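Heads up, the thing below is written out as structure tokens.
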């Protein structure tokens, strides 16, 4: 148990350390997420409104028919049935629901519609306490007491229910027609049961035979529904009173229809919806369409939206951090386009709403935030790199100045030592003393050679290094080098031989080329055992001059052959036997490549071949590798 606890503790500490080191990224991600949540909490309704407006008019249920009664038509219908005239053009006269109450006119109107066997009739105007109590004969009339008719009831100013005069016990023939807008005055939601009475639209839906009671009870039990409006005003089939009373409609037009009868008066107000102003009758028609065809808008709860936005932030941050700027922008644009299209399709096909505006906003904010973070980080790294570059440049300059100063200061005493040795050897014929002085002279010459090499490296790494080329014979340079190194070869009893083909003059820096051949031959002498042989050859092939030095030494191990031309590199054999600086072959490769040439090496246990090729034409380029004096770059090109 303790082991498991320690493991969990260690993982927790690692996670906390990982999170703390990247707190800048986490904080930026949380900022982007919080911006999205603020917009969701403050403005998600407008995203829903825009969704309805963009998708255009949808197909609505053709079974739903609305009938509009205005004062002019009602006057004509009233006169033909009761010989009464109530209509007046005086605007001071209030035309309310009470104005439309006339029992005989309603009996005949409802009788006309009921004769064609509609599924249900909903009477939108309220006939309750605003009218006198009808007689029992009127209440029991077949047209007004039909079970297919649903009447409206309302709430008074104190929130108490005002029932309809035609309410019947246990018949579900009345419903509360109360529409409650959101804080901005727009009707977006409806509750099918307010706790006091069932909604008017729900009561109409109860009388539709094709709807199951289980589905209706589940819909009614839910706290509220988001209305899926099918279209703007006049989307449903709409008739006026004259079209019904004139009998110009097709036979059985109202058969199995859901008929909603509404009135217009100077107290009537239009309700604001996401698709514009609508009458109460049109909103009820949309509610019935939603109930009957299960069109309610399903919306994820706030926790799921928050999780979705968090996922969007992390994906956008990863894309911005992983891809180049414009590619990341293109990916985010395409992703937003795909997501928006998918969201619109899901909304139309399955009536499921997911936020679009906020998701697009969050991706843009995340892209800008993390792009600015990347640019800031890049700028910081550039500054750090510049500072490091400047520091390394200064260190390199100090090193070069130090080496140059020390080398020059050492040359003077070495020259004095050599002069004194030469004078003493000439003045004192003592053999023992002469031998010691010769050894001292040889050591001082070797030290002078090292100093010369260091000076050459300093010169190579300076910015002002350039070639001084003129026409030269490579064979003559080889002869000069052999003459210089022949005493050393004779001392080790090494046989020096040459096979030099006649070669045309070529443009080279004679000083550097002499140094190249000198270093190669000197290395061969160093690593060739006593009694060995060294052969130097030169030849011309096509437009190239080849020089090769072949010895009978122990060879170079394969794992060291790729490093032999690197600066300060010395193989295992070189560390244990002859002394050296590890700079000779480095300078060989550098000087040859300055002449647009190539070096080559072949080695086995029987000996080593080291050589180079130079173009005959007058061409000069930078070498394949050039030591960066500012950064100390030691990445050299592979051997040709």
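Residue numbers (the working numbering): 633 to 1272.
Backbone N, C-alpha and C define an ideal beta-carbon position, used for all residues, glycine too.
Small disclaimer: the values here were computed from a predicted structure and weren't measured.
Taking the beta strand (DSSP E) that residue i belongs to, which residues open and close that run?
| i | result |
| --- | --- |
| residue 1230 | 1230–1236 |
| residue 912 | Run containing residue 912: none in the beta strand (DSSP E); it sits in the alpha helix (DSSP H), 912–925. |
| residue 871 | 869–872 |
| residue 895 | 890–895 |
Just tell me which of the options has its CA closest to the CA of residue i.
| i | options | result |
| --- | --- | --- |
| residue 1218 | 1173, 1144, 1166 | 1144 |
| residue 1142 | 910, 1107, 983, 689 | 1107 |
| residue 1181 | 1085, 1199, 1197, 1110 | 1110 |
| residue 871 | 860, 864, 885 | 885 |
| residue 852 | 864, 860, 832 | 832 |
| residue 712 | 765, 873, 759 | 873 |
| residue 1034 | 686, 1006, 1087, 1100 | 1087 |
| residue 1172 | 1246, 1154, 1112, 1053 | 1246 |
| residue 665 | 1011, 949, 1055 | 949 |
| residue 878 | 688, 708, 951, 918 | 708 |
| residue 1136 | 981, 1176, 979, 939 | 1176 |
| residue 1128 | 1233, 1113, 1140 | 1113 |
| residue 801 | 777, 822, 788 | 777 |
| residue 736 | 792, 1031, 1068, 773 | 773 |
| residue 1117 | 1146, 1139, 1138, 1133 | 1146 |
| residue 896 | 811, 700, 1202 | 700 |
| residue 1160 | 1235, 1131, 1191 | 1235 |
| residue 824 | 849, 1004, 1019, 998 | 849 |
| residue 827 | 791, 798, 997 | 791 |
Alpha carbon to alpha carbon, how far is residue i from residue j?
| i | j | result |
| --- | --- | --- |
| residue 775 | residue 941 | 57 Å |
| residue 786 | residue 889 | 25 Å |
| residue 660 | residue 668 | 13 Å |
| residue 741 | residue 771 | 15 Å |
| residue 1281 | residue 966 | This structure leaves residue 1281 out entirely; the chain is present only between 633 and 1272. |
| residue 993 | residue 1027 | 50 Å |
| residue 1210 | residue 1104 | Residue confidence for residue 1210 is low, a pLDDT of 49 falling below 50, so the modelled location carries little weight and cannot support an answer. |
| residue 762 | residue 794 | 10 Å |
| residue 1163 | residue 1183 | 11 Å |
| residue 913 | residue 962 | 48 Å |
| residue 936 | residue 944 | 12 Å |
| residue 639 | residue 968 | 42 Å |
| residue 1016 | residue 1007 | 14 Å |
| residue 1100 | residue 1166 | 30 Å |
| residue 734 | residue 819 | 32 Å |
| residue 1158 | residue 955 | 55 Å |
| residue 738 | residue 864 | 30 Å |
| residue 727 | residue 860 | 32 Å |
| residue 978 | residue 891 | 31 Å |
| residue 672 | residue 880 | 51 Å |
| residue 875 | residue 911 | 20 Å |
| residue 1272 | residue 1012 | Per-residue confidence for residue 1272 stands at a pLDDT of 29, beneath the threshold of 50, marking its modelled position as unreliable; no derived number is given. |
Only counting the same chain, and skipping five residues up and downstream in sequence, which positions put a Cβ closer than 7 Å to that of residue i?
| i | result |
| --- | --- |
| residue 931 | 858, 985 |
| residue 921 | 692, 693, 696, 862, 927 |
| residue 1152 | 1181, 1220, 1242 |
| residue 636 | none |
| residue 1002 | 660, 949, 952, 953 |
| residue 918 | 859, 861, 862 |
Which residues in the same chain as residue i place their Cβ atom closer than 8 Å to its Cβ, once the five residues preceding and following it in sequence are excluded?
| i | result |
| --- | --- |
| residue 1270 | Because residue 1270 sits at a pLDDT of 28, beneath the cut-off of 50, its placement in the model cannot be relied upon, and the point is left open. |
| residue 1081 | none |
| residue 1237 | 1186, 1187 |
| residue 782 | 752, 753, 754, 755, 804, 805, 806, 807, 832, 835, 836, 839 |
Ignore the nearest five residues each way along the sequence and tell me which others in residue i's own chain have a CB closer than 6 Å to its CB.
| i | result |
| --- | --- |
| residue 1251 | In this prediction, residue 1251 scores a pLDDT of 45, lower than 50, which makes its location untrustworthy; no coordinate-derived value is stated. |
| residue 869 | 697 |
| residue 1076 | 1046, 1049, 1050 |
| residue 960 | 951, 952 |
For the alpha helix (DSSP H) holding residue i, just list the boundary residues, first then last.
| i | result |
| --- | --- |
| residue 1193 | 1190–1193 |
| residue 1150 | 1142–1159 |
| residue 953 | 934–954 |
| residue 838 | 832–838 |
| residue 930 | Careful: residue 930 lies outside any alpha helix (DSSP H) and carries neither H nor E. |
Return the bridge partner residues of residue i from the DSSP annotation.
| i | result |
| --- | --- |
| residue 783 | 755, 806 |
| residue 1247 | 1176 |
| residue 1104 | 1138 |
| residue 794 | 786 |
| residue 1122 | Note: residue 1122 sits in no beta bridge, so no partner. |
| residue 903 | 910 |
| residue 816 | The partner list for residue 816 (beta bridge, DSSP) is empty, contrary to what the question assumes. |
| residue 1241 | 1182, 1234 |
| residue 822 | 857 |
| residue 1128 | 1166 |
Chain B beta carbons: is any one of them nearer than 7 Å to that of residue i?
| i | result |
| --- | --- |
| residue 881 | The structure shown contains no chain B; it is built from a single protein chain. |
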